[in-house]
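Respectively, the protein sequence lines represent chains P and H.
Under the working numbering, the residues of the first sequence are numbered 1 to 356, in order.
Under the working numbering, the residues of the second sequence are numbered 1 to 292, in order.
The beta-carbon is built from N, C-alpha and C at its ideal position, and this holds for glycine as well.
From a predicted model like this one, the values you see are computed outputs, not experimental measurements.
Okay, so here's the structure we're looking at.
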Amino acid sequence: MTSKLTTSNRAGWAFALPGFGLIALFIVIPFFFAFYLSLTNQRLISPNPTEFVGLKNYDNLLSIGVLTIEPERDDSGAIVRDDNGVPEYPRVRGFTRNNPDYPQFDGMREWFRWQSGDTAKVVVASDVVFWKSLWNTVKFVIVVAPVQAGLALCLALLINQRLRGINVYRAIYFMPVVVSIVVVSLLWRFLYSPDNGLLNNMLHGLSFGLFEPHDWLGNPDTALGSIMAMSIWQAVGFHMVIWLAGLQTISPSLYEAASIEGASKWQTFRYVTWPGLRNTAVLVLIVITMQAFALFAQIDVMTNGGPLDSTTTLVFQTVERGYGKQDISGGATISVILFLLVLSISLIQRFLTRER
Amino acid sequence: MATISADNHGLRLVVRYVVLTLIAVIFIFPLLFMVMSSLKPSDQLLRDTASLRAFLPVGDIGFANYADAFSRAPVALFVFNSVLVTGVTVLLSLFLCSLAAFSFTFLNWKGRDLLLGIVIATLIVPFETIAIPLLLLVSKLPWIGLDGLQFGWLNTYRVQIIPWIADGLTVFLFVQYFKDLPRELIEAARVEGASWWQIYRRIVMPLAGPVLATAAILKFLVMYNQYLWPLIVVQQESYRPVMVGLQYFFQLDTAWGEIMAYLTIITVPVLAFYLIMQRAFISSIASTGVKG
Numbered sequence: 001m002t003s004k005l006t007t008s009n010r011a012g013w014a015f016a017l018p019g020f021g022l023i024a025l026f027i028v029i030p031f032f033f034a035f036y037l038s039l040t041n042q043r044l045i046s047p048n049p050t051e052f053v054g055l056k057n058y059d060n061l062l063s064i065g066v067l068t069i070e071p072e073r074d075d076s077g078a079i080v081r082d083d084n085g086v087p088e089y090p091r092v093r094g095f096t097r098n099n100p101d102y103p104q105f106d107g108m109r110e111w112f113r114w115q116s117g118d119t120a121k122v123v124v125a126s127d128v129v130f131w132k133s134l135w136n137t138v139k140f141v142i143v144v145a146p147v148q149a150g151l152a153l154c155l156a157l158l159i160n161q162r163l164r165g166i167n168v169y170r171a172i173y174f175m176p177v178v179v180s181i182v183v184v185s186l187l188w189r190f191l192y193s194p195d196n197g198l199l200n201n202m203l204h205g206l207s208f209g210l211f212e213p214h215d216w217l218g219n220p221d222t223a224l225g226s227i228m229a230m231s232i233w234q235a236v237g238f239h240m241v242i243w244l245a246g247l248q249t250i251s252p253s254l255y256e257a258a259s260i261e262g263a264s265k266w267q268t269f270r271y272v273t274w275p276g277l278r279n280t281a282v283l284v285l286i287v288i289t290m291q292a293f294a295l296f297a298q299i300d301v302m303t304n305g306g307p308l309d310s311t312t313t314l315v316f317q318t319v320e321r322g323y324g325k326q327d328i329s330g331g332a333t334i335s336v337i338l339f340l341l342v343l344s345i346s347l348i349q350r351f352l353t354r355e356r
Numbered sequence: 001m002a003t004i005s006a007d008n009h010g011l012r013l014v015v016r017y018v019v020l021t022l023i024a025v026i027f028i029f030p031l032l033f034m035v036m037s038s039l040k041p042s043d044q045l046l047r048d049t050a051s052l053r054a055f056l057p058v059g060d061i062g063f064a065n066y067a068d069a070f071s072r073a074p075v076a077l078f079v080f081n082s083v084l085v086t087g088v089t090v091l092l093s094l095f096l097c098s099l100a101a102f103s104f105t106f107l108n109w110k111g112r113d114l115l116l117g118i119v120i121a122t123l124i125v126p127f128e129t130i131a132i133p134l135l136l137l138v139s140k141l142p143w144i145g146l147d148g149l150q151f152g153w154l155n156t157y158r159v160q161i162i163p164w165i166a167d168g169l170t171v172f173l174f175v176q177y178f179k180d181l182p183r184e185l186i187e188a189a190r191v192e193g194a195s196w197w198q199i200y201r202r203i204v205m206p207l208a209g210p211v212l213a214t215a216a217i218l219k220f221l222v223m224y225n226q227y228l229w230p231l232i233v234v235q236q237e238s239y240r241p242v243m244v245g246l247q248y249f250f251q252l253d254t255a256w257g258e259i260m261a262y263l264t265i266i267t268v269p270v271l272a273f274y275l276i277m278q279r280a281f282i283s284s285i286a287s288t289g290v291k292g
């Protein structure tokens, strides 16, 4: 229903324009600008004019291939093995440096390899660090999204009971959310520290001295996991509160009906609580996924992407290239890939959780 | 029978509180450790991590770390910068976003639905994906200041403020809230000849207390905890906010006592503010969750 009373093009535009203009200038334009920049060789400061390079940036980042390498053989044709019986292979460089037989692998480096019979399969990529950052980001999202959502739901169910003083507990569980992730990262760097770290000392004490001190952030096997644990600790209260808001929209009469019917606790959760949380679940998952893909400050403060690139992430790489190396187009290309990832994951989540 | 069930009830209650308290300890211990450590000399701080003394104000307690932190880094300047940037951004954001949302909700005008659609669409664009193009953009933007026309916004307060004033979520929160206000109120005021500005100022804003608190708290948290953006657009120390100022403490030797003092200085005021306004903080986070 449009009323004459409320129709006014002039006032409408005048009121909306300052806010909308800022959004357009500082969010919408940079967003499209990223797509454009990813097709150029733009640098932050450069004496040369910017050139249009087509999909070259994407090609540089995404080129990947599998190289099959036969083991070295001696003159009789037997496989050369080292002292442990492992076959020896020619160096990957021989295939990727100016080898006319393998033009598609030129300039690539080894990412990882596996053994298939006596031949080795080597995954080579032109930008190994990018692939590592993509893989780390995906690992982070795959672990953190379900674990954090699940723990947050458990906390919400725990807090959603009638108990004296329950608000105090709710306030405490939420507390890390208002603390900057930078502060939290620095504190946890200390907790994880190999010498004098609180975590090592605690585990040492609890295991009666059996536990040997471990360099949590300095070891490529545990660095990303340690950052995951800390990130969950910091943000789980945020999602607990969103779950709580969802829980409170479920009508108490449904619970009364369930208890009259003699439903067990699990049945009540399965048939009353969970169906009532459907929309909240979608929202929590999408929000966590978006936050997890944006992983940056923890890495910057705690590990700088190391050790051995085991904690580098897509956002860390955009900043390192776009700002650190002033390679704006390289950073923008990773940004575009990141955005397409976030978008497709949100769409998939929406699709999987759609109303049937 | 009755006594057994009463005992059972009592026992279960105790178990519940024990579980709740253990979880609370997990959330509280790093923060407690931070505050306690800030009071100890660095060598004692490191020694104390071997026992529960790490969480107690024992031994050589004092404020020496605070004095040292202030003399090592321009702490007061960093705090001032953060408070200035945060305060100005929150105020301008409340004003301009509520104004836009007012227009989107109560006025009919050509292009309204398209513009609102664009605003909502920005919700799925994480800031991290536009940071680099935005960096290039602000490095070229013009500005008319006291010394005439200049280009480039790097190393200023405005580069930390202006891009953060308006955002999709804040506008959206106001729109959601305004939708539930009675339209008759606005139409009646129009009939009486009130201008749109008067309606915004005298009718709608006085009713907008809860959503103003929500939007202010969310913006406050984002702005005060800002890290990535100032890191890439502010190299000059004189404009740096608190989170980026932290780098100062890693330059020569890592003095953990001073670091803990600095962390306490920049965190405890926010925590205190949160504990006082606890309900408002939690309900503002919850209200971001009720979106359609």
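Residue burial classification, residue i (beta-carbon count within 10 angstroms, cutoff 16)
i: P:Ile45; result: exposed
i: H:Ala2; result: Here H:Ala2 scores only 47 on pLDDT, less than 50, and its place in the model should not be relied on; the value that follows carries that caveat. H:Ala2 should be labelled exposed.
i: H:Ile232; result: buried
i: P:Thr358; result: The requested residue 358 of chain P is not part of the displayed model; chain P covers only 1 to 356.
i: H:Pro133; result: buried
i: P:Met230; result: buried
i: P:Val183; result: buried
i: H:Gly292; result: For H:Gly292, the predicted structure reports a pLDDT of 38, less than 50, and the residue's modelled location is therefore unreliable. A value from the coordinates is still provided. Answer is exposed; the Cβ neighbour count stays below 16.
i: H:Gly257; result: buried
i: P:Pro90; result: exposed
i: P:Gly19; result: buried
For residue j and residue i, believed in contact at Cβ under 8 Å, the rounded distance
i: H:Ile285; j: P:Ile242; result: 7 Å
i: H:Pro57; j: H:Met36; result: 6 Å
i: H:Ala208; j: H:Ser283; result: That belief does not hold up - the Cβ atoms of H:Ala208 and H:Ser283 are roughly 15 Å apart, past 8 Å.
i: H:Val175; j: H:Ala101; result: 5 Å
i: P:Met175; j: H:Phe27; result: 6 Å
i: P:Val301; j: P:Ser185; result: 4 Å
i: H:Gln160; j: H:Trp229; result: 7 Å
i: H:Pro142; j: H:Leu136; result: With a Cβ gap of about 14 Å, H:Pro142 and H:Leu136 do not count as contacting.
Test: residue i CB closer than 9 Å to a CB of chain P
i: H:Phe172; result: no
i: H:Leu91; result: no
i: H:Lys179; result: no
i: H:Glu258; result: no
i: H:Val19; result: yes
i: H:Val270; result: yes
i: H:Glu237; result: no
i: H:Asn81; result: no
i: H:Tyr227; result: yes
Chain H within 9 Å of residue i, Cβ atoms only
i: P:Leu244; result: yes
i: P:Trp131; result: no
i: P:Leu17; result: yes
i: P:Trp233; result: yes
i: P:Asp300; result: yes
i: P:Gln349; result: no
i: P:Arg278; result: no
For residue i: DSSP bridge partner residues
i: H:Asn108; result: P:Thr7
i: P:Phe112; result: P:Val123
i: P:Thr40; result: P:Phe52
i: H:Pro142; result: H:Phe151
i: P:Leu67; result: P:Val122
Test item: CB-CB of residue i and residue j under 9 Å
i: H:Ile259; j: H:Leu271; result: no
i: P:His239; j: P:Val179; result: no
i: H:Ala166; j: P:Ile29; result: no
i: P:Ala120; j: P:Arg109; result: no
i: P:Ile39; j: P:Leu61; result: Ile is not the amino acid found at residue 39 of chain P; the sequence shown has Leu there. The answer is no: Cβ separation not under 9 Å.
i: H:Arg183; j: H:Phe106; result: yes
i: P:Asn201; j: H:Ala50; result: yes
i: P:Gly324; j: P:Ser335; result: no
i: P:Tyr36; j: P:Ile337; result: no
i: P:Ala125; j: P:Ser63; result: yes
i: P:Phe15; j: H:Ser93; result: no
i: P:Tyr173; j: H:Ala24; result: yes
i: P:Ser403; j: P:Ile286; result: Residue 403 of chain P lies beyond the residue range present for chain P, which begins at 1 and ends at 356; the question has no answer from this structure.
i: P:Ala245; j: H:Ser287; result: yes
i: P:Ala235; j: P:Val168; result: no
i: H:Val242; j: H:Asn81; result: yes
Contact set between residue i and chain A, taken where Cβ atoms lie within less than 9 Å
i: H:Arg16; result: The displayed structure is made up of protein chains P and H, and chain A is not among them.
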